[in-house]
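Q: Below you will find the structure I want to go over with you.
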Amino acid sequence: MKTLFGNEQLLTEPGDCWAYGYDNSRQQALPQAVCFAHDSEQIVGLVHLCRKHRIPLIARGRGTGTTAATVPVHGGIVLSLERFRSRLDIDPANRLAIVSPGFTNQEVQQAAAQHGFFWPPDPTSAAVSTIGGNLAYNSAGPRAVKYGTPRDNTLGLR
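Start counting the sequence shown at 419; every next residue gets the next number (the working numbering).
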């Protein structure tokens, strides 16, 4: 893991990892390590490593979910995507946004608004919840009734 992430993108001390062992469900478990991905290649490398060694891997945005889906399995590794913020492009001509998973819903809303658009999902945690987590949970907020959920408004994932 150190080869993939280095010291700056990897936590292994229990005191450092503890903050990544819970979400708003109030359930908690200590992960063995926390890796902060900055690109797709790191994610692929970590998935291969965890699969090879049969280590549970839990993907996480910023931990704002309420279903314990990001609470790690005992001995597992948390893959945090909150620092994966390499791309936030709005293409008004094609009515399209390309967004890395670490951007918050609010940041996407602000970028889209500059072009006269908006991202339909509006969870109450928009200021802190990430697009990656938004898509993982399909969390939408009240506008989903009129405009659909994140899955309804997503053309593809990489």
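We treat Cβ as the ideally placed atom computed from N, Cα and C, and that holds for glycine. Please read these numbers as outputs of a predicted model, since none were measured by experiment.
Any chance you could list the alpha helix (DSSP H) runs of at least 4 consecutive residues sitting entirely within the segment 457 to 513, in chain order?
A: Whole alpha helix (DSSP H) segments, 4+ residues: 458 to 471.
Q: Closest by CA to Leu429, which one among Trp537, Gln450 and Gly463?
A: Locating residue 429 in the sequence shown gives position 11, where the first residue counts as 1. It is Gln450 whose Cα lies nearest to the Cα of Leu429.
Q: Which word fits Val376, buried or exposed, when buried means at least 16 other C-beta atoms lie within 10 angstroms of its C-beta?
A: Residue numbering for the chain in the displayed model covers 419 to 576; residue 376 lies beyond these limits and cannot be assessed.
Q: Inspect the beta-carbon positions of Asn552 and Gly479 and report whether they are closer than 9 Å.
A: Against the sequence shown, residue 552 aligns to sequence position 134. Against the sequence shown, residue 479 aligns to sequence position 61. A contact, by the Cβ cut-off of 9 Å.
Q: For the segment 524 to 531 against the segment 553 to 560, are there 3 or more C-beta pairs whose distance is under 8 Å?
A: No: fewer than three Cβ pairs fall under 8 Å.
Q: Do three or more CB pairs link the segment 529 to 537 to the segment 509 to 519 at distances below 8 Å?
A: Yes, they touch.
Q: Assign Ala455 to one of three DSSP states: helix, strand, or coil.
A: Translated into the one-based positions of the sequence shown, residue 455 becomes position 37. In the structure shown, Ala455 sits in coil (DSSP, three-state: anything other than H, G, I, E or B).
Q: Using beta-carbon positions only, say whether Ile476 and Pro519 come within less than 9 Å of one another.
A: Mapped onto the sequence shown, residue 476 falls at position 58. Mapped onto the sequence shown, residue 519 falls at position 101. Not closer than 9 Å, so no.
Q: The alpha helix (DSSP H) that contains Asp441, what's its start and end?
A: As a first step, residue 441 is located in the sequence shown; it is residue number 23 there, counting from the start. Counting along the chain, Asp441 falls outside any alpha helix (DSSP H), and DSSP gives it neither H nor E.
Q: I need the straight-line Cα distance from Ala558 to Arg576, nearest angstrom please.
A: Residue mapping note: residue 558 aligns to position 140 of the sequence shown, counting from 1. Residue mapping note: residue 576 aligns to position 158 of the sequence shown, counting from 1. Their Cα atoms are separated by approximately 21 Å.
Q: What distance in whole Å lies between the Cβ atoms of Ala455 and Leu497, which are believed to be in contact at a cut-off of 8 Å?
A: Here the question's residue 497 lines up with position 79 in the sequence shown. Here the question's residue 455 lines up with position 37 in the sequence shown. 6 Å between Cβ atoms; contact.
Q: So, is Ser543 buried or exposed, given that buried needs 16 or more other C-beta atoms within 10 angstroms?
A: Sequence index remark: in the sequence shown, residue 543 carries index 125 (1-based). Looking at its Cβ environment, which holds 16 or more other Cβ atoms inside 10 Å, Ser543 is buried.
Q: Quick check: the Cα distance between Cys435 and Ala511, rounded to an integer number of angstroms?
A: For the purposes of this step, residue 435 is taken as residue 17 along the sequence shown, with counting starting at 1. For the purposes of this step, residue 511 is taken as residue 93 along the sequence shown, with counting starting at 1. So the alpha carbons of these two residues sit roughly 43 Å apart.
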